[in-house]
Amino acid sequence: MLAGIVLSAASNNAPLVSRCGKDLKLRRVWIDLDYPYKAPPEFERSGILITDDTVEIATRPIAASHAKLLERIFWPQPMALSFWEFGKTLVRQTASDVARYFGMDVPGSSGNYVNGPAPGGPATLPASQNAQVQKALEQLRQQATKRPEEVKNPGAMTAETSPSNTAGKVTEAGKVSGERFTGENKIRSFTDSPWEAFKKKYNQVWKPTRELPPRGCVAVSGLIELESSKAYVVIDVFGWYNPTTRKYDARSLWMSLRKMQYKKQAPLA
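Under my numbering, read the sequence shown as residues 1 to 269, first letter to last.
Following this line, the structure appears as structure tokens:
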């Protein structure tokens, strides 16, 4: 019966059918039966029950799926571990940036670093900025040598020294136009490595919650191999068989593709 469920699910899977074909059939089955040592736990919640006659504290049973969902919400272990990894990577990267800024080489450090002064001497300005500074100093020297009455327009010096094409001018409505925020790329590059560490840790620790089976069920697990005209498919399966209803519990049934092997194989051109 379990093999038939797996065959039906595989035949209705569009990506698998497109690669293997529609003529899937059973080939081999490996099944193990395990009797659980104890019954699955039951969950209850307590609250204040208000009726027409009394007000009392009462307990009511709840479904295991609801209990696991509440546990995931109030105790988000995957998110907590992922944020811890994010903060740890960010602190390590910041410490490396500070050390490199003061000229200390940190062995084994990686990531994006802030440009600091060179260990051999003071920091120098770029050529374009250096030329602008020299021009401004020359104009200041010329203005200082003139008499006050010879200076017809004192604001001309400021207008000449200011760049003509400034990016990101502020309009009258208070909106910034022109290029995007200049620090956006720096912030993004600064958080790239911590964000990658966050996603990696989250994928490692996060697992979907599984439904608990009804009491009295038997665990059935194994491998089921399917065959088509194009390939062989091996599927991992795990489920709970209920002897009372003589059916498998659909909520706790789990399947995963283990292997797919084409009958005709050739190296990639």
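Think of the CB as a built atom: it goes at the ideal place given N, C-alpha and C, for glycine as much as any other residue.
| Query | Result |
| --- | --- |
| With 16 other Cβ atoms within 10 Å as the buried cut-off, status of Leu-49 | exposed |
| Residue environment, Ile-235, which counts as buried when at least 16 other CB atoms sit within 10 Å | buried |
| Whether Gln-265 touches Tyr-232 by CB criterion (8 Å) | no |
| Alpha helix (DSSP H) segment containing Arg-19, residue limits | 14–20 |
| Given Arg-215 as reference, the closest of Pro-61, Lys-200, Phe-198 and Tyr-241 once Cα atoms are compared | Tyr-241 |
| Contacts around Glu-42, its chain only, beta-carbon distance under 7 Å, and the 5 residues preceding and following it disregarded | Pro-61 |
| Helix, strand or coil at Leu-223 according to DSSP, with G and I counted as helix | strand |
| Element boundaries [beta strand (DSSP E), containing Tyr-262] | 254–262 |
| Rounded straight-line distance, which links the Cα of Leu-16 to that of Phe-86 | 37 Å |
| Chain-order list of residues whose beta-carbon lies under 7 Å from that of Ala-270 (same chain, five-residue window excluded) | In the structure as shown, the chain begins at 1 and stops at 269. Residue 270 is therefore absent and cannot be evaluated. |
| Test item: CB-CB of Leu-226 and Arg-258 under 8 Å | no |
| Where the beta strand (DSSP E) through Gly-103 begins and ends | No beta strand (DSSP E) contains Gly-103, which DSSP labels as neither H nor E. |
| Whole-Å CB distance - Val-205 paired with Tyr-35, under 8 Å assumed | Rounded, the Cβ-Cβ distance is 31 Å, inconsistent with contact. |
| Exposure of Tyr-248, with buried meaning 16 or more beta-carbon neighbours within 10 Å | buried |
| Residues bridged to Thr-59 [DSSP beta-bridge criterion] | Ser-46 |
| Neighbour-count burial assignment, Val-237, 16 or more Cβ in a 10 Å radius | buried |
| DSSP three-state assignment for Lys-247, whether helix, strand or coil | strand |
| Per DSSP, cross-strand counterpart(s) of Leu-70 | None, per the DSSP bridge assignment. |
| Proximity below 8 Å, CB of Pro-194 to CB of Gln-77 | no |
| Residue nearest to Lys-201 in terms of C-alpha spacing, selected from Ser-256, Ser-82 and Arg-27 | Ser-82 |
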